[in-house]
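Following our numbering, the numbering of the sequence shown begins with 2 at its first residue and continues without gaps.
We treat Cβ as the ideally placed atom computed from N, Cα and C, and that holds for glycine.
Just so we're clear, the structure is a prediction, and the values are computed from it rather than from any experiment.
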Amino acid sequence: MKSTEIIIPNTVTPLKAHRLINKVVKIDDGHLNIIVGEHVVTLTSGQEVEIHKGTPFAYANLSPNTTLITEITDLETIGDDTGTYADSTGNSYIENACPSIQISLSLYQSVADMLIHKDLFNAA
């Protein structure tokens, strides 16, 4: 199954994992940082990465430009097969995480901290 997504500028998606599907993420236009398990991968147009089921991942578009991606999954799912671990506001949804998930959460928070917070610039 194929789907196309637009990742808007200055965005970090929630850290999540698919329980049942593997997916390939291909960058069609722009560039994107993707947290995949214990790694951060930076991709540009034409590059792709495979995300295996059970692996935490998140997309981070820290640029001022929109990024267009295609997600290709190995099977179609009925209902929601994702588990969410954290979001960019700092909320964590998993307690007593195993060490590899803790590393993913730490990487995720580091990337989320790179977002440009406009309210900091308007305070003056």
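Beta-bridge partners of residue 77 (DSSP): none assigned. Around residue 45, the same chain offers 28, 32 as residues with beta carbons nearer than 7 Å, after the five sequence neighbours per side are excluded. Secondary structure note for residue 109: it is in no beta strand (DSSP E), and the uninterrupted alpha helix (DSSP H) holding it is 100–113. Proximity to residue 94 across 8, 85, 100, 102 peaks at 85, based on C-alpha coordinates.
As a beta-bridge residue in DSSP terms, residue 84 pairs with 18. Minimum Cα-Cα distance from residue 48 among the listed residues 20, 103, 17, 35 corresponds to 35.
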